[in-house]
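What follows is one structure encoded as structure tokens, with my remarks underneath.
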Amino acid sequence: MLLSDRDSRRFRPRPWMLPVGMLLLFILLFWREVISVVWLFWTIFITVLGFEPGQIPPDLGYSIQVICFNSILGFLWVFISWLILTSSQALLPVRVPLEYEPGQFRLVDRFQEIYRTAFHLLLHTFHIHGRAVFVRDGQQIDSPGEFNRRGFGVTVVDFNSAVVFEEQIPPPGLLRALVNMLMNILASLGLCDRFESPRVRGPGIVFTRPLERIRAVVDLRKQFRMRMAVPCYTREGIELKANVWALFTVGQEPDVIQVGYVGELRKENLRALTFEKTSDGSRLRLVKVSDDLDEADRREIHQYARVAGRLEEIREYADLPAPSRWPVFNPQRVFAAVFAQARGNENELVPWVDLPTAVAAELFREVISTINYEDLYKGQDPNRFPLPEVKARLRLAMQNNGILSYRVIYHRERRGLEVGSEYDLQELRATAVQPLRNSKVLRDRGIKVIASGFGDLTPLSPEVWEQRVDNWSAPWVREMAIVRAETDLEVGRIRSQARAQAQQQLFHSLRRLFEDTNLTEEALVIRVYQSLEQAAANPLTRQLLPSNTVDMMRNIHNWLLPGDAAAGRFSQGPQP
Numbered sequence: 353m354l355l356s357d358r359d360s361r362r363f364r365p366r367p368w369m370l371p372v373g374m375l376l377l378f379i380l381l382f383w384r385e386v387i388s389v390v391w392l393f394w395t396i397f398i399t400v401l402g403f404e405p406g407q408i409p410p411d412l413g414y415s416i417q418v419i420c421f422n423s424i425l426g427f428l429w430v431f432i433s434w435l436i437l438t439s440s441q442a443l444l445p446v447r448v449p450l451e452y453e454p455g456q457f458r459l460v461d462r463f464q465e466i467y468r469t470a471f472h473l474l475l476h477t478f479h480i481h482g483r484a485v486f487v488r489d490g491q492q493i494d495s496p497g498e499f500n501r502r503g504f505g506v507t508v509v510d511f512n513s514a515v516v517f518e519e520q521i522p523p524p525g526l527l528r529a530l531v532n533m534l535m536n537i538l539a540s541l542g543l544c545d546r547f548e549s550p551r552v553r554g555p556g557i558v559f560t561r562p563l564e565r566i567r568a569v570v571d572l573r574k575q576f577r578m579r580m581a582v583p584c585y586t587r588e589g590i591e592l593k594a595n596v597w598a599l600f601t602v603g604q605e606p607d608v609i610q611v612g613y614v615g616e617l618r619k620e621n622l623r624a625l626t627f628e629k630t631s632d633g634s635r636l637r638l639v640k641v642s643d644d645l646d647e648a649d650r651r652e653i654h655q656y657a658r659v660a661g662r663l664e665e666i667r668e669y670a671d672l673p674a675p676s677r678w679p680v681f682n683p684q685r686v687f688a689a690v691f692a693q694a695r696g697n698e699n700e701l702v703p704w705v706d707l708p709t710a711v712a713a714e715l716f717r718e719v720i721s722t723i724n725y726e727d728l729y730k731g732q733d734p735n736r737f738p739l740p741e742v743k744a745r746l747r748l749a750m751q752n753n754g755i756l757s758y759r760v761i762y763h764r765e766r767r768g769l770e771v772g773s774e775y776d777l778q779e780l781r782a783t784a785v786q787p788l789r790n791s792k793v794l795r796d797r798g799i800k801v802i803a804s805g806f807g808d809l810t811p812l813s814p815e816v817w818e819q820r821v822d823n824w825s826a827p828w829v830r831e832m833a834i835v836r837a838e839t840d841l842e843v844g845r846i847r848s849q850a851r852a853q854a855q856q857q858l859f860h861s862l863r864r865l866f867e868d869t870n871l872t873e874e875a876l877v878i879r880v881y882q883s884l885e886q887a888a889a890n891p892l893t894r895q896l897l898p899s900n901t902v903d904m905m906r907n908i909h910n911w912l913l914p915g916d917a918a919a920g921r922f923s924q925g926p927q928p
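For the sequence shown, position 521 matches number 873 in this note's numbering, and the numbering has no gaps at all.
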């Protein structure tokens with residue numbers, strides 16, 4: 353039956369209809385034998401009461417044999433066989449006894465899983481089961497009618513989820529001791545789990561006890577959360593806001609940091625190492641060292657590195673195994689994430705999925721409070737943009753706050769490692785992978801931080817924007833003024849050169865006229881005027897002349913040559 357059909361009025365078969373129908377059919381087919389057996393029980397009953405029993409039917413023994421045969425072999429055996437085969441193969445993914453896992457095969461465990469599944473299938477067949485729940489992608493899926501069911505239930509958990517169960521306190525009563533004894537017997541027979549509250553279960557089939565309820569459902573996949581408009585202050589007190597986000601999970605193994613001593617074997621020289629293999633794969637090159645450890649983790653790693661040799665945990669270097677591509681179920685981490693809940697500013701419980709963004713917001717405020725607003729966008733180096741480095745500080749602080757593992761890399765001769773050097777695999781030694789145990793907010797809750805960051809920084813005051821625009825445009829305005837001044841200087845220089853060249857040409861022209869002794873005074877004046885007129889008519893020279901030069905030349909022309917239309921050409925062309 354579909355959940356959407358639960359309110360339908362049409363006829364639906366009930367679980368009790370099948371056994372009742374089979375019983376009626378059995379009575380109809382073997383009514384004589386049934387009457388004989390019923391007579392036997394009736395005779396026993398009246399004999400106990402002191403009445404005289406009647407005559408025994410001659411076929412009573414035969415009737416008892418027929419009834420017993422059909423009840424035990426004809427029904428019970430077939431039903432049990434069907435129940436076991438169905439439980440082991442069809443309905444629930446229970447491992448069958450024919451499977452073999454090296455080092456883990458136990459026939460008793462396999463058979464216990466099968467008949468335990470058959471027991472719950474029998475409860476579901478007669479509709480006397482408890483709550484049936486399906487957990488998918490961290491979401492709990494069940495019908496409303498299942499919520500208040502009491503009894504042995506089942507929870508199907510998909511590969512991306514984990515469930516935390518918690519058993520309720522039973523109500524007091526005279527039969528409580530009998531019920532507890534019955535539960536212990538069922539647990540001894542393997543039909544239910546022993547008392548464990550709370551208990552954490554991962555992907556698969558989980559059979560629940562009558563009083564167990566789901567406390568929380570955990571999604572093992574990557575989780576992304578964002579806190580909007582987080583306020584902060586820079587070092588000079590400018591108020592900003594930005595969206596802070598975090599990418600995290602409880603379903604991945606912690607990242608393993610390879611650390612080693614660069615230089616002397618001192619705590620201050622511990623660095624995170626990045627190796628890459630050479631082309632032939634036989635050597636390792638140390639390509640990068642980074643100071644990614646906080647002080648508490650550095651101290652813990654240094655203390656372990658000092659005693660790793662005495663603990664006989666140093667071995668030959670080997671590559672780290674590739675991380676799993678599927679969600680990893682860790683009961684301790686799921687338990688810590690659900691039950692180690694923090695409280696917010698208003699004393700409310702903060703779910704574990706909201707905790708990373710709360711931590712990221714605090715670290716974001718701490719990082720921004722150490723930087724001036726101008727330094728976020730303009731550092732000492734004009735070719736370097738400092739904002740990505742600020743975001744990297746937040747990402748590193750968040751990753752160090754979550755779960756991490758490490759292993760220490762040594763040189764075989766206990767020498768310090770050097771950047772750019774190549775090492776044979778036989779030259780290096782490595783410790784076993786160890787988890788960092790320093791107490792951190794997210795680390796204590798089993799949360800791994802994959803990445804974290806913040807969006808655009810927005811000032812709350814518009815004056816900060818205006819000042820930022822002015823500071824940003826000041827170099828460009830200064831550069832523009834310098835370019836304009838250089839251009840004006842070059843224009844003035846070109847004007848001066850052109851004026852000097854025009855004057856020199858006019859000088860040579862007038863010199864030739866005055867050296868010609870064959871010209872009369874009137875002709876000389878006209879020739880001088882023509883030279884001046886020619887110089888003034890040149891567009892290049894005309895731009896260098898005063899604005900009244902054209903009017904003056906027109907007046908001279910009218911004085912020397914009255915009525916000549918040639919003076920009209922001074923009115924043509926652009927004004928100087």
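Note that the Cβ used here is the ideal one computed from N, Cα and C, for glycine as well.
This structure is a prediction, so every number in the text was calculated from the model and none was measured.
Do residue j and residue i have their beta-carbon atoms positioned less than 8 Å apart in this structure?
i    : j    : result
E770 : L638 : yes
Q604 : K800 : yes
Y669 : A782 : yes
V372 : I419 : no
A514 : R573 : no
S804 : V608 : no
L728 : L794 : no
P562 : F504 : yes
K619 : R651 : yes
V596 : V582 : yes
L625 : Y775 : no
F806 : A594 : yes
A784 : E665 : yes
N512 : P679 : yes
T395 : P410 : no
A694 : V702 : yes
N697 : R587 : no
R468 : F559 : yes
Could you give the first and the last residue of the continuous beta strand (DSSP E) run that contains residue i?
i    : result
N946 : Outside the shown range of the chain (353 to 928) lies residue 946, about which nothing can therefore be said.
F424 : Looking at the sequence itself, residue 424 is Ile, so the reference to Phe does not match. Per DSSP, I424 belongs to no beta strand (DSSP E) and is neither H nor E.
Q492 : Q491 to I493
P583 : Q575 to Y585
I557 : G556 to T560
E628 : L622 to K629
I609 : V608 to Y613
I566 : E564 to D571
L294 : Limits of the chain in this structure are 353 at one end and 928 at the other, which puts residue 294 out of reach.
E519 : S513 to E519
R637 : R635 to S642
Just the C-alpha distance for residue i and residue j, rounded to the nearest angstrom, thanks.
i    : j    : result
S356 : F691 : Reliability of the predicted coordinates at S356 is poor, the pLDDT of 40 falling under 50, and no value is obtained from them.
A470 : T438 : 8 Å
L538 : Q464 : 12 Å
A568 : R667 : 42 Å
F486 : V508 : 5 Å
D494 : D510 : 14 Å
R747 : A648 : 18 Å
D671 : G633 : 12 Å
M369 : L474 : 15 Å
P445 : G556 : Residue placement at P445 is poorly supported in this model, since its pLDDT is 48, which falls under 50; the coordinates are not used for a value here.
N621 : G615 : 6 Å
D796 : L527 : 42 Å
S940 : K629 : This structure does not reach residue 940, given that the chain is present from 353 up to 928, and the question cannot be answered.
N699 : R551 : 27 Å
R502 : N532 : 16 Å
S415 : F478 : 29 Å
R745 : D808 : 16 Å
G844 : E838 : 10 Å
Throw me the rounded Cβ distance for the residue i and residue j pair, which I believe falls under 8 Å.
i    : j    : result
A688 : G798 : 4 Å
R764 : L780 : 7 Å
I480 : Q610 : I480 to Q610, Cβ: 57 Å. No contact.
S721 : Y585 : 6 Å
L715 : A749 : 5 Å
So the alpha helix (DSSP H) residue i belongs to, where does it begin and stop?
i    : result
Q684 : P683 to F691
W383 : W383 to V400
I653 : E647 to V659
Tell me whether residue i, by its Cβ, gets closer than 7 Å to a heavy atom of the ligand FAD.
i    : result
S549 : Judged by which ligands are present, the structure shown has none, so any question about the ligand FAD falls away.
Against chain D, does residue i count as a neighbour if the rule is that its beta carbon must be under 8 Å from one of theirs?
i    : result
F471 : Reference to chain D is not applicable here, since this structure consists of a single protein chain.
**Request:** Could I get the ranges of all uninterrupted beta strand (DSSP E) runs contained in the region 761-824, with 3 residues as the minimum, in chain order?
**Result:** 774-776, 780-783 and 800-806
**Asked** What runs of the beta strand (DSSP E), each 3 residues or longer, lie entirely inside the region 707-751?
**Response** none
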